[in-house]
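Every number in my numbering is 53 more than the matching position in the sequence shown, counting from 1.
For glycine and all other residues, C-beta sits at the position ideal for the given N, C-alpha and C.
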Amino acid sequence: MISAERIPNNVGLSSNKRLQRALEHWQPKYIQWWRDMGPQGFQDYHQVYVRTAVSVDPAGWAHFEYVKLPEYRWGIFLADPVHDRRIGFGDFMGQPVWHEVPGEFRNQLRRLVVTQGDTEPASVEQQRWLGQRCPSLYDLRNLFQVNVEEGRHLWAMVYLLHSYFGRDGRDEAEELLERQSGNRDKPRILDAFNEPIDNWLDFFMFTMFTDRDGKSQLLSLSESSLDPLSRTTRFMLTEEAHHMFVGETGVARILERTCQLMKQAGFSGDVRKIGGIDIPTLQKFINLWFSLSLDLHGNEVSTNAASYFANGLKGRAYEEKWDDHAVTEALYELEMLRDGRLEKNRIPMRTAMNEVLRDWYVGDCQNGVTRWNRILERHGFSDRLRLPDRKFNRGIGMFSSLHFDPEGHPLTDADWERRRNEWLPSPLDREYLLSIMAEPVYEPGKFANYIAPPQRGIKGAPLNFEYVRTEA
Ligand SMILES: [Fe+2]
Ligand SMILES: [Fe+2]
Numbered sequence: 054m055i056s057a058e059r060i061p062n063n064v065g066l067s068s069n070k071r072l073q074r075a076l077e078h079w080q081p082k083y084i085q086w087w088r089d090m091g092p093q094g095f096q097d098y099h100q101v102y103v104r105t106a107v108s109v110d111p112a113g114w115a116h117f118e119y120v121k122l123p124e125y126r127w128g129i130f131l132a133d134p135v136h137d138r139r140i141g142f143g144d145f146m147g148q149p150v151w152h153e154v155p156g157e158f159r160n161q162l163r164r165l166v167v168t169q170g171d172t173e174p175a176s177v178e179q180q181r182w183l184g185q186r187c188p189s190l191y192d193l194r195n196l197f198q199v200n201v202e203e204g205r206h207l208w209a210m211v212y213l214l215h216s217y218f219g220r221d222g223r224d225e226a227e228e229l230l231e232r233q234s235g236n237r238d239k240p241r242i243l244d245a246f247n248e249p250i251d252n253w254l255d256f257f258m259f260t261m262f263t264d265r266d267g268k269s270q271l272l273s274l275s276e277s278s279l280d281p282l283s284r285t286t287r288f289m290l291t292e293e294a295h296h297m298f299v300g301e302t303g304v305a306r307i308l309e310r311t312c313q314l315m316k317q318a319g320f321s322g323d324v325r326k327i328g329g330i331d332i333p334t335l336q337k338f339i340n341l342w343f344s345l346s347l348d349l350h351g352n353e354v355s356t357n358a359a360s361y362f363a364n365g366l367k368g369r370a371y372e373e374k375w376d377d378h379a380v381t382e383a384l385y386e387l388e389m390l391r392d393g394r395l396e397k398n399r400i401p402m403r404t405a406m407n408e409v410l411r412d413w414y415v416g417d418c419q420n421g422v423t424r425w426n427r428i429l430e431r432h433g434f435s436d437r438l439r440l441p442d443r444k445f446n447r448g449i450g451m452f453s454s455l456h457f458d459p460e461g462h463p464l465t466d467a468d469w470e471r472r473r474n475e476w477l478p479s480p481l482d483r484e485y486l487l488s489i490m491a492e493p494v495y496e497p498g499k500f501a502n503y504i505a506p507p508q509r510g511i512k513g514a515p516l517n518f519e520y521v522r523t524e525a
């Protein structure tokens, strides 16, 4: 038996017997999944200082306390309803939003919920060994904070599946625990979520770039005509902000330390000789995770994207900022590949909705990279980090059929093979990173040599606070 009180919620769980029964069936499998596929070595003997969502009140939605990870209170929250909310875009604009799933859009909506839901446990699986190589207790706690919240995001999607999609929804909820990141027979749905994340540079780049794709998707789903989907994703965005903070500040702290070490090694010195992470390596990991996360936005020209928009299932990021919400006439200028040549074409904007969302995403990433470059500036270095061209290293979309360098120039296959290790992490780069992360740092207040301490601790606690403690 699960008691509704153990699951913090604002969906009236204690009076919803049907949902309670469905969750009673699913929850033990979730806990088993968390034990098998969640943080390895941090299940029973460690307590982690985490925040738990306990309401949607902006003034105090989270509660901080020490918990053992399998005992985290994964809750279900919808953002407050908007009075008389109307559909804000597409063919049904102006009509009241939906409180049930319309039969004709059931398959499309289920697919959107399942695809989003699949990414949440996938990232926990990808990151499950990182605790054994952490650079500090502060970082270890942040990793687990991200992990438990991705777990809660899975709960959020499973809540929708159980509540609005009947039998099919219950089956999908089971399958969300059966697919596994990187598993050859039952992989996760999207490629970036099958890549291993076995070092902390991957982790910080993932939370910077791939969690930001999560933000893209959540922003567009929060515009949805299906009101429970909109309200669920709106609240998820509150937690998502912290994940991107972990990524952006994680890379910033590595860069800060790299600058200190470059001075120590003499300006031209190789920081690897004194255990740091050099700028070319940082650039390669940006190239990798940015390009993988661009792929997550889908094909440049997409009839699915057009129909999601027309039917009001998925809007643009910050739809209210656009003037035209019907988008029946508007055109979009797209760089296209035709017979191996690049040319600009104007296509109906509805079919370019993936690209429109990608534009928002690229802009948001660029702001982060600009903030990183201020660190280099402040230290007086002329090196700069940059986003590669969006045609670089693509696995999805029209540019995946050709190779491009980070400036966007086409390359022959042979040139690509010869030079790819200049642009993407090589096995040697990965070996080096594992070598400097081999010893975890579990002493309060200590940080690994390759990363600077953060500017402040969590929730006013000092840097030497015991963010993860073993039970007395
Ligand atoms: Fe998430
Ligand atoms: Fe996230």
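Residue burial classification, residue i (beta-carbon count within 10 angstroms, cutoff 16)
{"i": "Thr302", "result": "buried"}
{"i": "Tyr371", "result": "exposed"}
{"i": "Ser321", "result": "exposed"}
{"i": "Thr381", "result": "exposed"}
{"i": "Tyr98", "result": "exposed"}
{"i": "Gln419", "result": "exposed"}
{"i": "Glu396", "result": "exposed"}
{"i": "Ala467", "result": "exposed"}
{"i": "Gly568", "result": "Shown here, the chain extends from 54 to 525; a query on residue 568 therefore has no answer."}
{"i": "Arg194", "result": "buried"}
{"i": "Ser283", "result": "buried"}
{"i": "Asp266", "result": "buried"}
{"i": "Val354", "result": "buried"}
Own chain residues within Cβ distance below 6 angstroms of residue i, not counting five before or after
{"i": "Phe362", "result": "Gly143, Arg403, Met406"}
{"i": "Lys512", "result": "Phe117"}
{"i": "Gln179", "result": "Ser234, Ile250"}
{"i": "Thr260", "result": "His296, Val299, Gly300"}
{"i": "Leu230", "result": "Lys82, Trp86"}
{"i": "Arg163", "result": "Phe218"}
{"i": "Asp458", "result": "Leu464"}
Spatial neighbours of residue i in its chain, beta-carbon cut-off 7 angstroms, leaving aside the 5 residues before and after
{"i": "Arg310", "result": "Gly329, Tyr503, Ile504, Ala505"}
{"i": "Ala359", "result": "Arg403, Thr404, Met406"}
{"i": "Gly147", "result": "Arg139, Ile140"}
{"i": "Met289", "result": "His206, Ala209, Leu271"}
{"i": "Gly421", "result": "Met261, Glu301"}
Test item: CB-CB of residue i and residue j under 8 angstroms
{"i": "Asp264", "j": "Gly300", "result": "yes"}
{"i": "Gly368", "j": "Glu276", "result": "yes"}
{"i": "Trp425", "j": "Leu410", "result": "no"}
{"i": "Ala112", "j": "Phe130", "result": "no"}
{"i": "Lys337", "j": "Asp244", "result": "no"}
{"i": "Asn62", "j": "Gly156", "result": "no"}
{"i": "Val177", "j": "Met258", "result": "no"}
{"i": "Arg447", "j": "Leu347", "result": "yes"}
{"i": "Trp253", "j": "Arg186", "result": "yes"}
{"i": "Val199", "j": "Leu122", "result": "no"}
{"i": "Leu366", "j": "Phe158", "result": "yes"}
{"i": "Leu314", "j": "Val324", "result": "yes"}
{"i": "Glu225", "j": "Val167", "result": "yes"}
{"i": "Leu165", "j": "Leu274", "result": "yes"}
{"i": "His456", "j": "Trp476", "result": "no"}
{"i": "Asp133", "j": "Val109", "result": "yes"}
{"i": "Met293", "j": "Lys268", "result": "Note on identity: in this sequence residue 293 is Glu, with Met being the wrong assignment. Taking 8 angstroms as the Cβ cut-off, Glu293 and Lys268 qualify as a contacting pair."}
Residue of the options minimising C-alpha distance to residue i
{"i": "Glu496", "options": "Ser278, Thr105, Arg391, Thr523", "result": "Thr523"}
{"i": "Asn526", "options": "Pro149, Thr105, His215, Ser269", "result": "The question about residue 526 has no answer, for the chain in this structure spans 54 to 525."}
{"i": "Val103", "options": "Phe197, Gly421, Ser346", "result": "Phe197"}
{"i": "Gly170", "options": "Thr285, Phe500, Leu390", "result": "Thr285"}
{"i": "Tyr485", "options": "Trp375, Gln73, Thr334, Asn236", "result": "Thr334"}
{"i": "His24", "options": "Arg443, Gly222, Gly433", "result": "No answer is possible for residue 24: it lies beyond the span of the chain, which begins at 54 and ends at 525."}
{"i": "Leu387", "options": "Glu408, Asn474, Ser273, Gly393", "result": "Glu408"}
{"i": "Arg232", "options": "Phe256, Pro188, Glu173", "result": "Glu173"}
{"i": "Asp436", "options": "Glu460, Asp192, Lys374, Cys312", "result": "Cys312"}
{"i": "Ile307", "options": "Leu345, Gln161, Phe500", "result": "Phe500"}
{"i": "Arg223", "options": "Arg74, Ile332, Lys316, Ile84", "result": "Arg74"}
{"i": "Gly393", "options": "Asp412, Ser453, Ala379", "result": "Ser453"}
{"i": "Gly461", "options": "Leu440, Val135, Arg471", "result": "Leu440"}
8 angstroms contact criterion, which residue i and residue j should meet: CB distance rounded
{"i": "Gly204", "j": "Trp79", "result": "That pair is no contact at about 13 angstroms."}
{"i": "Arg59", "j": "Arg126", "result": "6 angstroms"}
{"i": "Leu190", "j": "Val521", "result": "5 angstroms"}
{"i": "Tyr385", "j": "Ile400", "result": "6 angstroms"}
{"i": "Phe445", "j": "Asn340", "result": "7 angstroms"}
{"i": "Tyr119", "j": "Gln100", "result": "4 angstroms"}
{"i": "Phe343", "j": "Phe262", "result": "5 angstroms"}
Spatial neighbours of residue i in its chain, beta-carbon cut-off 8 angstroms, leaving aside the 5 residues before and after
{"i": "Met54", "result": "Unreliable placement is indicated for Met54, whose pLDDT of 47 sits below 50; the coordinate value is still reported in the next sentence. Excluding residues within five positions, the ones whose Cβ falls inside 8 angstroms are Glu77."}
{"i": "Phe31", "result": "This structure cannot speak to residue 31, because the chain is shown only from 54 to 525."}
{"i": "Pro281", "result": "Leu131, His152, Leu213, Ser216, Tyr217"}
{"i": "Val494", "result": "Cys187, Pro188, Ser189, Leu190, Phe500, Ala501"}
Heavy atom of ligand 3 within 7 angstroms of residue i beta-carbon
{"i": "Gly267", "result": "Here the bound small molecules are ligand 1 and ligand 2; ligand 3 is not part of this structure."}
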